[in-house]
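Participant: Here you go, one structure.
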C-alpha cells in the first residue's frame with residue numbers, strides 16, 4: 004500500500020511555495036499596473052480623431068467622410084481608428100454627446116441650480132442658444148442630426164445632475180426619486196421640443212412660465228403622493244400570502 008512520506012515539513016513547505024507562486028501569478032494577471040503614459044496617448048489619439056473629423060466636415064458632406072479619410076487626416080492608421088470608434092457615425096455621436104454634457108456643466112456653473120428649485124426659463128433660453136447652429140463648432144454635424152436627437156442626448160446627463168443636486172427636494176423619496184426627476188425632465192424637454200418643432204408664435208418666455216407652473220405643481224403633487232404611498236406602506240405592511 005502506498006503511504007505518504009513522513010517528512011510533513013518538506014511537503015508543507017512545498018505546498019506553501021506552490022500557493023505563493025499561484026497567488027502571485029493570479030495577482031499579476033488580474034491587477035496589471037496602469038500605464039499613465041499609454042492612457043494619455045489614448046486620449047490624445049481620440050482627440051486627434053475628433054479634430055480630424057471636424058476639419059473634414061467643414062470641407063465635405065457628412066455622408067462622404069470615410070474612416071480612411073479621418074485616419075489620414077489624424078495621421079494614424081485605420082486599425083488605430085477602430086481601437087477608438089467603430090464607425091464615422093460613432094465619432095459624430097460622441098461629439099454630440101460631449102456637447103450635451105458640456106451643456107449640463109454650463110447649467111451647473113450658472114444660476115440654473117441656485118435656490119431650492121430650477122429656473123425653467125433659463126433652461127429653455129440656454130437650450131435655444133445651444134441649439135442655434137451658428138453658435139456651434141459642430142454646426143455641420145447638426146445639419147445631419149435633428150434637434151430632437153440632441154435633446155435626447157441632453158436628457159440623461161441633465162436628469163443625473165438634478166438627482167445629485169436634489170433641487171426638487173425629493174431625496175426622502177428613496178427609490179422613487181430617479182423616476183420623479185426623469186418624469187419632470189422628460190416633460191420639460193417635451194414642452195420645449197413641441198415649441199421648437201411647431202414653429203410657434205408664442206414667445207419662449209411665456210412657454211417657460213407655463214411649463215414652470217406645471218412642473219412646480221407636478222412636483223408638489225408627487226411629493227404628497229409619495230408621502231401617502233410611503234405612509235400606507237408603513238401602516239399596512241404586506242403580509243405573506245397577500
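In the working numbering, the protein residues as written are 4 to 245.
All residues carry an ideal CB built from backbone N, CA and C; glycine is no exception.
Quick one: grab the DSSP three-state call for residue 42.
Facilitator: Position 39 of the chain shown holds residue 42. Here residue 42 sits in helix by DSSP.
Participant: With distances taken between CB atoms, is the gap from residue 195 to residue 127 smaller than 9 angstroms?
Facilitator: On the chain shown, position 192 is the one that residue 195 refers to. On the chain shown, position 124 is the one that residue 127 refers to. Yes, Cβ-Cβ distance for residue 195 and residue 127 is below 9 angstroms.
Participant: Could you name the residues of the same chain whose beta carbon sits closer than 7 angstroms to that of residue 181, not counting the 5 residues immediately before and after it, in chain order?
Facilitator: What you label residue 181 is simply residue 178 of the chain shown in a count that begins at 1. Once the five neighbours on either side are set aside, the close Cβ partners of residue 181 are 166.
Participant: Can you say whether residue 58 is buried or exposed, counting buried as having 16 or more other CB atoms within 10 angstroms of its CB?
Facilitator: Mapped onto the chain shown, residue 58 falls at position 55. Result: exposed.
Participant: If we count the other Cβ atoms within 10 Å of its Cβ and call it buried at 16 or more, is residue 138 buried or exposed?
Facilitator: Stepping through the chain shown from its first residue, residue 138 is reached at position 135. At residue 138, the pLDDT of 43 sits below 50, so the modelled position is not reliable and the matter cannot be decided from this model.
Participant: Assign residue 206 to one of three DSSP states: helix, strand, or coil.
Facilitator: Counting from one through the chain shown, the residue named residue 206 turns up at place 203. The answer is coil: DSSP assigns residue 206 none of H, G, I, E or B.
Participant: Rounded to whole angstroms, what is the Cα-Cα separation between residue 104 and residue 94?
Facilitator: Your numbering for residue 104 matches position 101 in the chain shown. Your numbering for residue 94 matches position 91 in the chain shown. Taking the straight line from one Cα to the other gives about 15 angstroms.
Participant: Below 8 angstroms on the Cβ atoms is my guess for residue 84 versus residue 74; work out the distance and round it to an integer in Å.
Facilitator: Position 81 of the chain shown, counting from 1, holds the residue named residue 84. Position 71 of the chain shown, counting from 1, holds the residue named residue 74. Yes, they are in contact, since the Cβ atoms of residue 84 and residue 74 sit about 5 angstroms apart, within 8 angstroms.
Participant: If the criterion is Cβ atoms closer than 9 angstroms, does the pair residue 44 and residue 97 meet it?
Facilitator: Against the chain shown, residue 44 aligns to sequence position 41. Against the chain shown, residue 97 aligns to sequence position 94. The answer is no: Cβ separation not under 9 angstroms.
Participant: What does a CB cutoff of less than 7 angstroms around residue 87 pick up in its chain, not counting 5 residues either side in sequence?
Facilitator: As a first step, residue 87 must be located in the chain shown, where it is residue number 84. Closer than 7 angstroms at Cβ, skipping near neighbours: 48, 49, 52.
Participant: If you check the beta carbons only, do residue 99 and residue 130 fall under 9 angstroms apart?
Facilitator: Working through the chain shown from its first residue, we reach residue 99 at position 96. Working through the chain shown from its first residue, we reach residue 130 at position 127. Going by C-beta atoms, residue 99 is not nearer than 9 angstroms to residue 130.
Participant: Hey, would you say residue 161 sits closer than 9 angstroms to residue 188, going by beta carbons?
Facilitator: Within the chain shown, the letter at position 158 stands for residue 161. Within the chain shown, the letter at position 185 stands for residue 188. Contact flag set, yes.
Participant: What is the residue span of the alpha helix (DSSP H) that residue 79 lies within?
Facilitator: Taking the chain shown and counting its residues from 1, the one referred to as residue 79 is at position 76. Residue 79 -> no alpha helix (DSSP H), and no H or E assigned at all.
Participant: For residue 200 and residue 149, what's the separation of their Cα atoms in angstroms?
Facilitator: To locate residue 200, count along the chain shown from 1; it is residue 197. To locate residue 149, count along the chain shown from 1; it is residue 146. Whole-angstrom Cα-Cα distance: 10 angstroms.
Participant: Under the rule that 16 or more other beta-carbon atoms within 10 Å means buried, what is residue 151, buried or exposed?
Facilitator: Position 148 of the chain shown, counting from 1, holds the residue named residue 151. When all chains shown are included, residue 151 counts as exposed.
Participant: Could you tell me the alpha carbon to alpha carbon distance between residue 214 and residue 123, rounded to whole angstroms?
Facilitator: Locating residue 214 in the chain shown gives position 211, counting from the first residue. Locating residue 123 in the chain shown gives position 120, counting from the first residue. Approximately 7 angstroms between the Cα atoms of the pair.
Participant: For residue 91 versus residue 70, is the C-beta distance shorter than 9 angstroms?
Facilitator: Counted from its first residue, the chain shown places residue 91 at position 88. Counted from its first residue, the chain shown places residue 70 at position 67. A contact, by the Cβ cut-off of 9 angstroms.
Participant: Alpha carbons only, please: which of 164, 205, 185, 178 is nearest the one belonging to residue 112?
Facilitator: As a first step, residue 112 must be located in the chain shown, where it is residue number 109. Nearest option by C-alpha distance: 164.
Participant: Where does residue 203 land, buried or exposed, given buried means 16+ other C-beta within 10 angstroms?
Facilitator: Counting from 1 along the chain shown, the entry for residue 203 is found at position 200. Classification of residue 203: exposed, given that the 10 Å Cβ count is below 16.
Participant: May I ask which residues mark the beginning and end of the alpha helix (DSSP H) holding residue 68?
Facilitator: Reading the chain shown from its first residue, position 65 is the one you call residue 68. Counting along the chain, residue 68 falls outside any alpha helix (DSSP H), and DSSP gives it neither H nor E.
Participant: Count the other C-beta atoms from every protein chain shown that fall within 10 angstroms of the C-beta of residue 102, then say buried if there are 16 or more, exposed otherwise.
Facilitator: Mapped onto the chain shown, residue 102 falls at position 99. Buried: at least 16 other Cβ atoms inside 10 Å.
Participant: Can you tell me the Cα-Cα spacing of residue 178 and residue 80, whole angstroms?
Facilitator: Start at 1 with the first residue of the chain shown, and residue 178 comes out as number 175. Start at 1 with the first residue of the chain shown, and residue 80 comes out as number 77. Each residue's Cα considered, the two are about 48 angstroms apart.
Participant: From residue 184 to residue 72, what distance separates their C-alpha atoms?
Facilitator: Position 181 of the chain shown, counting from 1, holds the residue named residue 184. Position 69 of the chain shown, counting from 1, holds the residue named residue 72. If you take the alpha carbons of residue 184 and residue 72, they lie about 43 angstroms apart.
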